[in-house]
Every structure is written in structure tokens, then in C-alpha cells.
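I have placed the structure first, in the form of C-alpha cells, so that the comments after it can refer back to it.
There are 2 protein chains.
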Amino acid sequence: MSARPTSEPAGPSVKTEFPGPETKKHLEKIHEVFDSRNAFLVCDYTKSFGNYLVDTDGNTLLDVYSQIASIPLGYNNPALIKTASSEEMLDALVNRPTLGAFPSHNWSEVISTGILRVAPKGLDKVFTAMAGSDANELAFKAAFMYRRQHERGGPHVEFTDEEIESCMNNQLPGSPQLSILSFRNSFHGRLFGSLSCTRSKAIHKLDIPAFDWPQATFPQLKYPLEEHEAENAAAEQASLDEVEHLIKTWRLPPVAVIVEPIQAEGGDNHASPAFFQKLRALTKKHNVLLIADEVQTGVGSTGKFWAHEHWNLPADSPPDMVTFAKKAQTAGYYYGNPELRPNKAWRQFNTWMGDPARAILFRGIIDEIERLDLVNQTARVGKYLFGKLEVLAKKYPQDITNLRGKDRGTFIAFDSPKRDAFIKKSKDMGVNMGGCGVNGVRLRPMLIFEEKHADILIDRLEKIINAI
Amino acid sequence: MSARPTSEPAGPSVKTEFPGPETKKHLEKIHEVFDSRNAFLVCDYTKSFGNYLVDTDGNTLLDVYSQIASIPLGYNNPALIKTASSEEMLDALVNRPTLGAFPSHNWSEVISTGILRVAPKGLDKVFTAMAGSDANELAFKAAFMYRRQHERGGPHVEFTDEEIESCMNNQLPGSPQLSILSFRNSFHGRLFGSLSCTRSKAIHKLDIPAFDWPQATFPQLKYPLEEHEAENAAAEQASLDEVEHLIKTWRLPPVAVIVEPIQAEGGDNHASPAFFQKLRALTKKHNVLLIADEVQTGVGSTGKFWAHEHWNLPADSPPDMVTFAKKAQTAGYYYGNPELRPNKAWRQFNTWMGDPARAILFRGIIDEIERLDLVNQTARVGKYLFGKLEVLAKKYPQDITNLRGKDRGTFIAFDSPKRDAFIKKSKDMGVNMGGCGVNGVRLRPMLIFEEKHADILIDRLEKIINAI
Chain A
1 MSARPTSEPA GPSVKTEFPG PETKKHLEKI HEVFDSRNAF LVCDYTKSFG
51 NYLVDTDGNT LLDVYSQIAS IPLGYNNPAL IKTASSEEML DALVNRPTLG
101 AFPSHNWSEV ISTGILRVAP KGLDKVFTAM AGSDANELAF KAAFMYRRQH
151 ERGGPHVEFT DEEIESCMNN QLPGSPQLSI LSFRNSFHGR LFGSLSCTRS
201 KAIHKLDIPA FDWPQATFPQ LKYPLEEHEA ENAAAEQASL DEVEHLIKTW
251 RLPPVAVIVE PIQAEGGDNH ASPAFFQKLR ALTKKHNVLL IADEVQTGVG
301 STGKFWAHEH WNLPADSPPD MVTFAKKAQT AGYYYGNPEL RPNKAWRQFN
351 TWMGDPARAI LFRGIIDEIE RLDLVNQTAR VGKYLFGKLE VLAKKYPQDI
401 TNLRGKDRGT FIAFDSPKRD AFIKKSKDMG VNMGGCGVNG VRLRPMLIFE
451 EKHADILIDR LEKIINAI
Chain B
1 MSARPTSEPA GPSVKTEFPG PETKKHLEKI HEVFDSRNAF LVCDYTKSFG
51 NYLVDTDGNT LLDVYSQIAS IPLGYNNPAL IKTASSEEML DALVNRPTLG
101 AFPSHNWSEV ISTGILRVAP KGLDKVFTAM AGSDANELAF KAAFMYRRQH
151 ERGGPHVEFT DEEIESCMNN QLPGSPQLSI LSFRNSFHGR LFGSLSCTRS
201 KAIHKLDIPA FDWPQATFPQ LKYPLEEHEA ENAAAEQASL DEVEHLIKTW
251 RLPPVAVIVE PIQAEGGDNH ASPAFFQKLR ALTKKHNVLL IADEVQTGVG
301 STGKFWAHEH WNLPADSPPD MVTFAKKAQT AGYYYGNPEL RPNKAWRQFN
351 TWMGDPARAI LFRGIIDEIE RLDLVNQTAR VGKYLFGKLE VLAKKYPQDI
401 TNLRGKDRGT FIAFDSPKRD AFIKKSKDMG VNMGGCGVNG VRLRPMLIFE
451 EKHADILIDR LEKIINAI
């Protein structure tokens with residue numbers, strides 16, 4: 001562990017332009033075997049620490065993008081290195097089981113003391129997965145089976161021969177003509193079922209066959225919120241009306257609505273707790289399931305462990321399923337209703353069903369979040385950062401618009417009319433950040449982001465604005 | 001590492017019935033939080049070694065199922081423990097990058113000296129994934145984008161506004177009405193696109209919406225092969241004719257054919273090299289891609305590193321893409337044609353794009369396979385085992401029928417009219433094995449399976465036959 005740093009640098013330091021000469025060489029080499037056109041940087045993770053990412057040219061950047069919001073505790077976190085060096089981790093790495101058919105003696109303990117320790121209220125079971133996309137698709141599958149089970153008259157009713165035969169041909173009635181309803185600008189993944197729900201960018205969807213599933217408009221709130229209350233409430237009601245209309249009339253009836261607590265990839269679009277409360281009531285009324293996609297919003301960054309806690313739903317009405325990935329470093333969906341377990345074995349199954357190594361890592365992450373009270377810290381630092389950003393936005397009203405994410409921890413974004421230049425320039429100023437939507441700049445710091453990092457970030461943001 | 005064994009036991013030892021009392025307790029505990037209805041055993045992997053799996057009741061079983069064919073080198077393999085304890089592994093575990101956007105400095109080396117060292121002939125690039133299902137779906141996406149790019153007039157032709165707008169609604173022309181052709185009894189995964197291709201068992205497909213994609217009959221060969229040559233050749237030709245007919249006439253034109261070199265889950269169904277050569281020629285003729293799904297057949301168990309090497313395709317006509325997972329412990333698709341890279345960045349992308357920790361493990365697996373010449377060993381041991389099974393099948397012609405997998409390493413199967421009883425009884429006799437298809441018993445030993453293990457297996461198989 002000789003080369004691994006044990007503390008953060010005092011601040012960013014930039015030595016080259018981007019990409020630097022070493023990074024360019026690396027990219028050429030990578031590109032021969034692996035598509036590197038998406039690459040912004042080639043990083044030396046061994047030299048990175050905490051909130052600071054080091055690239056192969058020795059540039060040190062304050063990282064508020066965090067591998068698209070998926071690093072929870074900073075690079076080379078000492079507690080996670082300990083977790084990763086444990087005998088239990090070795091076991092999980094070299095003896096990877098078929099978790100559904102041959103679980104290990106410690107599997108129930110790993111999930112009970114890990115994944116399930118932070119289960120959303122009302123949801124006490126989990127189905128584990130590999131990443132956000134398949135987590136969502138497995139939740140969809142549970143929703144479809146649940147609906148058909150109901151329509152059939154209950155879990156005890158056997159499949160008909162016609163269903164059994166027709167499903168092998170991908171035809172009705174065994175392969176039902178049902179759907180999942182998602183929202184405009186949402187992002188739920190890029191496999192065939194999840195991509196059919198994703199509506200953020202055409203480049204994700206072009207040329208890929210999709211299911212004929214419906215989308216409702218997500219409310220487009222105007223900022224600052226306090227100046228647009230009536231308008232925003234009307235936008236939210238219009239969205240709910242559209243959801244209800246689609247549930248009632250769409251040619252492939254929706255069995256579930258999937259929604260992000262904050263639409264991230266699609267532009268950091270927010271809606272009020274009242275909107276989500278009404279959405280929950282509406283879906284219940286029509287016997288449609290509600291899936292909260294917490295792949296990006298989950299695990300602390302909004303100042304609650306799960307962003308849907310901000311909705312303040314009644315205790316007896318949680319979302320039916322909550323999906324997670326990214327900062328959890330593993331993935332899956334939580335559920336509570338035992339009927340969401342399909343009525344027979346082997347219906348929801350695959351060889352690996354996740355990765356116990358990553359589940360053990362998530363337990364280590366949870367331990368550290370609790371030990372350092374990082375969710376509350378993120379709420380506090382987020383307030384601090386938001387306050388500073390409000391001041392900056394007032395100073396540069398042309399460059400920072402639609403500042404959003406108040407009281408949502410560090411899950412903060414704003415729009416910039418020169419967004420692409422803004423993001424590009426940020427590296428020169430020592431900050432790694434990402435865009436979202438059309439004009440959005442999204443801040444996705446780690447949970448170890450402190451006031452001192454916020455000060456540096458604010459300083460650099462001002463430099464970026466002045467430079468572009 | 002105190003508790004970890006360093007050598008194999010002399011043979012199986014069975015102490016309890018199955019499931020034993022400890023396993024039952026574990027299953028109850030697991031079931032509260034995780035669906036355990038699929039579980040056959042609860043295992044103590046720390047105590048398992050090599051070809052032997054130890055359950056929580058202390059039963060020691062010769063494992064010829066290997067976590068559904070996904071353990072390559074045995075439990076607690078010392079070389080892999082070393083790999084898993086390395087600094088590089090620690091790095092990959094605690095600093096998990098967005099491989100597409102922020103690759104690590106060693107990523108090209110990890111894949112060049114690992115995944116790509118064993119790339120199928122003619123395929124020199126890889127797109128990494130998480131598991132078999134998403135590996136296949138990513139290959140499908142590449143195939144769809146490739147086809148539409150051609151139809152559009154080449155990679156330089158821009159998308160139309162109509163395409164860009166319509167794809168956001170999941171409608172033509174942006175979301176094309178195209179398909180992937182698969183074979184009856186095939187298994188390609190259980191997400192929405194891959195499940196639309198899977199045709200092995202209704203329980204996998206019931207109640208899940210599917211694309212209206214076509215399936216062709218896979219040849220149903222009769223055994224012993226030498227007694228049914230004309231019949232089998234006719235079955236293969238009929239299958240090829242059906243493929244061609246479907247390519248020409250299916251309402252959603254197929255852009256690719258996906259095929260397993262040996263249909264595993266669907267019953268260990270084989271076809272001759274001539275069949276696959278003709279299938280390759282046929283797909284070329286119609287400008288349809290050929291995807292070899294090597295998720296179960298890959299990584300040595302057929303006596304070649306990739307099972308499609310048995311096809312003896314011309315050097316200039318490899319499959320267009322080859323997918324892998326399971327024994328690789330990571331996943332992805334290989335390809336050679338640079339045009340299979342979509343024409344723009346971000347079209348084939350996701351946050352993690354696999355897991356570098358598992359890619360590093362695969363490199364360790366490859367090192368060990370080469371060091372011990374395990375592919376050739378598997379070819380040799382497979383021949384030995386097959387010979388013994390032929391003798392057994394002659395002695396018990398009612399109990400072992402359709403013995404198949406000659407010269408395919410240890411990738412061997414047979415049918416048993418009392419299959420379920422056979423599998424159940426095998427544990428009592430100290431062997432862990434699995435079924436496939438309707439009556440199939442599939443042998444999926446690890447690559448470290450030797451003649452001495454084959455002798456034990458044969459002895460136990462005879463005991464099972466006499467007991468049921």
C-alpha cells in the first residue's frame with residue numbers, strides 16, 4: 001500500500017491542458033481495443049484521494065462529478081480499503097456463488113447488516129442486481145408478474161396451456177401487452193426495457209427497438225420557486241392529470257409508474273413533495289405500482305439516505321419498489337409486499353443475481369456513513385453550498401440560472417447558457433464536473449464533501465464564469 | 001487465511017439428508033429477506049476447495065454443476081486468492097471508475113493482457129458488461145445501430161429530425177421495427193431484450209412483455225450420431241432453411257442471429273460444424289450479423305477456449321460478435337469490424353460498463369489456465385469421462401440415453417427418464433449436478449476436473465442409477 005496517499009491535497013493543481021500529453025497517449029492505446037470517445041480523463045486512481053481525482057498527467061482536480069455520482073466516500077477511502085482486504089471479500093471474489101441457488105452461509109447476514117440495514121421505510125426485502133439498468137428491469141418484471149397474478153385471480157391460479165405455449169412465441173396471452181409508464185426527460189437505464197422508459201436524450205435511444213410504452217410530462221418548475229408558486233402547482237397538476245389519463249387510456253395498460261425523485265440525467269428536474277404524494281395516491285387508486293428509481297438520488301446525497309424520504313409519504317404508503325445502484329456500488333430493488341415475490345420459484349432468477357463482493361462493499365460504505373454521520377453532514381454542507389451559490393447567482397445572473405436543489409443536500413444544479421464551455425473550462429480551473437439535460441451543470445460531490453471544499457468550488461466557479 | 005483449506009478432500013462425504021438441519025435454518029433466515037425458493041444448498045465457501053463444495057451441514061460434494069457452469073478453477077483457488085489480494089484489485093474495488101468516461105491508467109493493460117489475450121480469432125476489440133444478459137443486449141444494440149447506419153447510407157449520415165423526435169416516443173422511424181432471430185430452446189438471458197430471444201422454458205417468460213421477434217427450430221439431433229447421419233443432416237438443413245425463410249419474411253426484419261454453440265439451459269443440444277459453417281454463410285449472404293453466445297460454452301470447458309472454434313469457420317468469417325460471462329467472472333462482447341462501433345460517442349455507454357475488479361480476476365483466471373494448460377487438460381479428461389459414460393450407458397440403456405458432447409471436453413450431458421429423481425438423489429451420493437431441458441442431466445465440471453474426479457463421478461452415477 002506504499003504508493004497510496006492517506007490524506008487530501010490542500011487544493012486542486014493543474015499542470016497541463018486537457019487532455020494532457022500522457023492522457024492522450026493512454027487514450028490512443030485504449031481506443032485500439034475499447035471505445036474511448038466518451039473519455040474525459042484517464043485517471044490514476046492509486047494517486048487519487050478523498051474528493052481529489054488525479055489524472056495521468058498529474059493534474060489534481062476537485063471531483064464534484066464522482067464517476068457520474070457513484071463514488072460515495074472518496075477515492076482510496078481507508079475504511080473501504082480495509083473492507084476490500086477482508087477475508088470475507090476474498091471469499092466473495094474467488095468463490096462467486098449463484099446467489100439464488102447456492103447462497104453462502106453468510107449471505108443473509110451480509111444483506112441484513114448491509115443492504116437491508118438502510119432499507120427504505122416499509123420495504124424489508126431485496127432482490128439484488130448488477131447495476132441500475134437491470135435493477136429497474138427486474139423491478140418491472142416483478143410488476144408485470146404481480147399484475148398478471150392479480151388478473152388471473154391470485155397467486156394460486158395456475159397458468160393456462162395457452163399462456164404457456166404463447167409466451168414461447170412472445171405472443172399474447174403469455175407475453176402480455178402491458179407497459180411501464182415513465183416521465184419525459186427521465187433516465188432509467190439503457191437496456192431494452194429500461195431504455196424504453198428512458199426519455200432524456202435521443203442519442204441514447206436512436207436505432208434501438210423500444211416497447212410502445214407511454215410517457216407523461218414531468219412538471220417543469222420555474223425558479224426561484226417562491227416566485228412561481230401558482231404556475232408550478234398548475235404544472236404539477238397537469239402532469240398528474242396526464243398520468244391518470246395515460247393509465248386509463250394507453251393502449252398497453254401501465255402496471256407501474258417509474259419516477260426519479262429528482263430527474264438527474266434529464267436535467268436535475270425537481271417536483272414538490274405534494275406532487276409525489278398525489279402521484280402515490282393516484283397510482284394506488286388505479287392499482288398501479290409506484291417504483292422510485294433512486295439509482296442516482298439514493299445513498300445520502302440529498303441530505304436523506306433516500307431522496308423519496310423528502311416526499312413525506314404516509315407510513316402505510318411507501319413506494320412499492322425502490323431501486324438503487326451507483327453510490328451503493330451494488331444494485332437491486334427493495335420491496336415490502338410479499339406478493340411482489342412471484343408465485344413460483346425460478347420466475348425471478350439469474351445466475352449471479354448481483355455480486356456479493358459489491359454487497360460487502362456497500363455494507364462497508366454504510367458503516368462509514370453511519371460512523372461519520374455523513375447524511376446529516378451532506379444536508380449541512382449542502383445548505384452551506386446552496387447559500388454561497390445563491391450569492392454567486394445574484395452576482396452573475398446571466399451565467400447561473402435556475403439554481404435548484406435547495407434543502408436537497410449537495411444534489412444541486414443550475415443552468416448555464418454556455419454550459420458546454422462551462423464544463424470544458426472547469427477542468428482548467430481544477431474542478432471535475434458534469435452536465436445534465438440541455439443547459440444543466442450538475443454538482444454531484446461525494447458524501448465526504450465539506451464546507452472547505454464548497455469554498456474552493458465557489459471560488460473556481462467564479463473563475464470559470466469570468467473565463468468563458 | 002487460517003480457516004481456508006489448501007487441498008482437496010479424498011472424496012465426497014455425506015453426513016445428512018438434503019437439505020440438512022443447518023441448511024434448513026439458514027434457508028428460513030434467508031427467506032425472510034431474499035427469495036430462497038430456488039436454493040438447493042446453503043454453502044460454506046470458506047471450507048470448500050477445488051472441485052469440492054461444502055454445505056453448512058458439513059456435507060462435502062463433488063461439484064460438477066459449478067454455480068451453473070460459472071466457477072472456472074475451483075473453490076478457494078490459491079492463485080485467484082493472490083489475484084484478489086493484489087493492490088490492483090484493491091484499487092478496482094474501492095475506486096470503481098466510469099470506465100467509458102474516466103478509465104484508469106491501467107485499463108487498457110488490464111483488458112489487453114486479460115480479456116483480449118483470449119479474444120476469439122478475428123475479434124480484437126471488446127465492450128465490457130456485467131453479466132451474460134446485458135452482454136447479449138449490448139451486442140444486440142450494436143447490431144441494430146450497425147444495420148440502421150448501413151440503411152442510412154453510412155456512418156457519416158446524420159440522423160433526421162424525425163428520427164430524433166420519434167425515438168423519444170418509442171416510435172418509427174427513430175425506434176426501428178427490427179428484430180434479433182434466435183433458436184427454439186435457446187437461452188440468452190432474462191432481461192427484456194435477451195428474454196425476447198430466450199426460448200428454453202415458459203417459467204422464464206410468462207407474464208413478461210416481449211418483442212415480436214422470430215425463432216427458428218434448432219436441429220434436434222438423434223444419438224448415437226453415427227447411426228443417424230442422414231436424418232441429422234436433414235434436420236440441420238431444415239433448420240437453415242427456416243432461418244433463411246425467417247430472415248426473408250419476418251415482419252420485423254432480423255438484423256442478427258444469436259446462437260449458442262451448444263444450447264445449454266435448453267437441453268445441451270448440439271449441431272455439427274457444417275451446420276454452423278452454413279449458418280455463417282447464410283447470415284453473410286443476407287447481411288445479417290452472427291452473434292455467438294458463449295456465456296456458458298466459453299472459457300475452456302468444451303476443450304477449446306471458445307466452443308465456436310469447433311466450427312472451423314474460414315479465417316475471414318468469424319462470428320461478428322462473441323458474448324461471454326460465467327467462467328470469465330466478468331462479461332462483454334468481442335467484435336472485430338470497427339463499424340460495429342456506433343458512429344457517435346455516447347450511443348453505447350453506461351455508468352460502470354462492467355467491473356474492473358472482475359476483469360482483473362478474469363486475467364488471473366487466464367494466467368492460471370495457461371500455466372496449467374487447462375483447456376487441453378479438459379479436452380483430455382473429457383475424452384476419458386465420455387468413454388466411461390459410454391460404457392455406463394451401454395450397461396444402463398434405460399437410464400442414460402442420448403449421451404452427447406463427444407470431443408467437447410467435459411461439456412457432456414445425457415437424458416434420464418427419471419431426471420428429477422436423478423438430480424435429487426445425486427446429492428445423497430455426494431455429487432452436486434444440474435439438469436437442463438426436459439430430461440437432461442448436464443455435467444459442468446470446472447477446468448481443474450481430472451481423471452480421478454471422473455472415476456468418482458462414474459462410480460456415483462452408477463450408485464444413483466441403482467438407487468432410483
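Protein chains in written order, with UniProt numbering: chain A, 1 to 468; chain B, 1 to 468.
By construction, the Cβ of each residue, glycine as well, lies at the ideal position given by its N, Cα and C atoms.
As the structure is a prediction and not an experimental result, all values here were calculated from the model.
Minimum length 3: unbroken beta strand (DSSP E) runs contained in the stretch 69-131 of chain B:
Runs of beta strand (DSSP E) with 3 or more residues, each lying fully within the stretch 69-131 of chain B, are found at 125-129, listed in chain order.
Measuring CB to CB, does G300 of chain B end up less than 8 Å from C436 of chain B?
It is not a contact, given that the beta carbons lie outside the stated cut-off.
Residues of its chain near N350 of chain B, where Cβ-Cβ distance is below 8 Å and the 5 sequence neighbours each way are ignored
Contacts found: G100.
Let me check one thing: in DSSP terms, what residues is Y334 of chain B bridge-paired to?
The bridge partners DSSP lists for Y334 of chain B are B:V126, B:V322.
Is any heavy atom in the ligand GTP found nearer than 7 Å to the beta carbon of F18 of chain A?
Looking at this structure, you won't find the ligand GTP or any other ligand, since it has none at all.
Between the CA atoms of R347 of chain B and Y223 of chain B - distance to the nearest angstrom
Straight-line measurement puts the Cα of R347 of chain B at about 46 Å from the Cα of Y223 of chain B.
Kindly list, in the order they appear in chain B, the residues whose Cβ is closer than 7 Å to that of M446 of chain A.
Correct list: empty, because the minimum Cβ distance to chain B is about 12 Å.
Identify every residue that forms a DSSP beta bridge with Q215 of chain A.
Beta-bridge pairing links Q215 of chain A to A:S182.
8 Å contact criterion, which N59 of chain B and G11 of chain B should meet: CB distance rounded:
Distance from N59 of chain B to G11 of chain B at the Cβ level is roughly 12 Å; contact not present, criterion being Cβ atoms closer than 8 Å.
Flag N419 of chain A as yes if its beta-carbon sits less than 8 Å from any beta-carbon of chain B, otherwise no.
For the sequence presented, residue 419 of chain A should be read as Arg rather than Asn. No, R419 of chain A does not count as interfacial toward chain B.
is_contact[residue 470 of chain A, chain B] using C-beta, thresh 8 Å
Because residue 470 of chain A is not part of the residues shown, which for chain A are 1 to 468, the question remains open.
How many Å lie between residue 472 of chain B and E17 of chain B at the Cα?
Past the boundaries of the shown model lies residue 472 of chain B; chain B is included only from 1 to 468, so the question cannot be answered.
Which residues of the stretch 345-368 of chain B have a Cβ closer than 8 Å to any Cβ of chain A? Give them in chain order.
Listed by position along the chain: A345, W346, R347, Q348, F349, N350, T351, W352, D355, A357, R358, L361.
Based on the DSSP secondary-structure assignment, which residues constitute the bridge partners of R404 of chain A?
Its beta-bridge partners are A:A413.
D63 of chain B - containing beta strand (DSSP E), residue span:
First-last of the beta strand (DSSP E) with D63 of chain B: 60-63.
Which bits of chain A does C43 of chain B rub up against, with CB to CB less than 9 Å?
Within chain A, N95, P97, F102, P103, S104, H105 have C-beta atoms less than 9 Å from the C-beta of C43 of chain B, given in sequence order.
Inspect the CB distances between the stretch 399-407 of chain B and the stretch 25-32 of chain B and report whether three or more fall short of 8 Å.
Using a Cβ-Cβ distance cut-off of 8 Å, the stretch 399-407 of chain B and the stretch 25-32 of chain B are not in contact, since fewer than three pairs of beta carbons, one from each stretch, lie closer than that value.
Do we get a CB-CB distance below 8 Å when we pair Q220 of chain B with the residues of chain A?
No, Q220 of chain B lies away from the interface with chain A (no Cβ there is under 8 Å from its Cβ).
Kindly identify the DSSP beta-bridge partner or partners of residue 479 of chain A.
The structure shown does not extend to residue 479 of chain A, since chain A is modelled only from 1 through 468, so no value can be given for it.
Collapsed DSSP secondary structure at F34 of chain A in the structure displayed:
F34 of chain A: coil per DSSP, three-state reduction.
Measuring CB to CB, does S70 of chain B end up less than 8 Å from P356 of chain B?
No, they are not a contact pair.
Identify each residue in the stretch 181-208 of chain B for which the Cβ-Cβ distance to at least one residue of chain A is less than 7 Å, and report them in chain order.
Within the stretch 181-208 of chain B, those residues whose Cβ lies closer than 7 Å to any Cβ of chain A are, in chain order, R190, L191, F192, G193, S196, R199, A202, I203, K205, L206, D207, I208.
As a quick exercise: from A:G50, A:D91, A:T128, pick the residue whose alpha carbon is nearest that of S36 of chain B.
Residue nearest to S36 of chain B within the set A:G50, A:D91, A:T128 is A:T128 (criterion: CA-CA distance).
Determine, using beta-carbon pairs with one atom in the stretch 317-328 of chain A and one in the stretch 291-298 of chain A, whether at least three such pairs fall under 8 Å.
Taking a contact to require three or more Cβ pairs closer than 8 Å, the stretch 317-328 of chain A and the stretch 291-298 of chain A qualify as touching.
Residue-level contact to chain A via CB, A216 of chain B, 8 Å cutoff
No - not a single Cβ of chain A is within 8 Å of the one on A216 of chain B.
Which listed residue (B:I68, B:S66, B:K15, B:S7) has its alpha carbon closest to that of K47 of chain B:
Selection B:I68, B:S66, B:K15, B:S7 evaluated against K47 of chain B yields B:S7 as nearest (Cα-Cα).
Which residues of chain B have a Cβ atom closer than 8 Å to the Cβ of G174 of chain A, listed in chain order?
What G174 of chain A touches in chain B, judged by beta-carbon distance under 8 Å, is A202, K205, L206, D207, going in chain order.
Q67 of chain B to G74 of chain B, Cα distance in whole Å?
Q67 of chain B and G74 of chain B have their alpha carbons spaced roughly 10 Å apart.
For the candidate residues A:S416, A:F140, A:D268, whose alpha-carbon lies nearest to that of E260 of chain A?
The shortest C-alpha to C-alpha distance from E260 of chain A to any of A:S416, A:F140, A:D268 is the one to A:D268.
Drop a sphere of 10 angstroms on the beta-carbon of R117 of chain A, count the other beta-carbons inside from all chains shown, and report buried for 16 or more, exposed for fewer.
Exposed is the call here.
With a 10 Å radius around its C-beta and 16 neighbouring C-beta atoms as the bar for buried, classify L225 of chain A as buried or exposed.
Under this definition L225 of chain A is an exposed residue.
If we call anything under 8 Å between Cβ atoms a contact, is F414 of chain B one with V441 of chain B?
In contact: F414 of chain B and V441 of chain B (Cβ atoms closer than 8 Å).
How far does the beta strand (DSSP E) with I291 of chain A in it extend, from its first residue to its last?
Element bounds for I291 of chain A: 289-293.
Could you please tell me which residues of the stretch 3-29 of chain A, in chain order, have their CB closer than 7 Å to any CB of chain B?
Listed in sequence order: H26, K29.
Below 8 Å, can you find three or more Cβ-Cβ pairs linking the stretch 187-199 of chain A to the stretch 210-219 of chain A?
Contact between the stretch 187-199 of chain A and the stretch 210-219 of chain A is present, because at least three Cβ pairs lie under 8 Å.
Min CB distance V33 of chain A to chain B below 8 Å:
Interface residue, yes.
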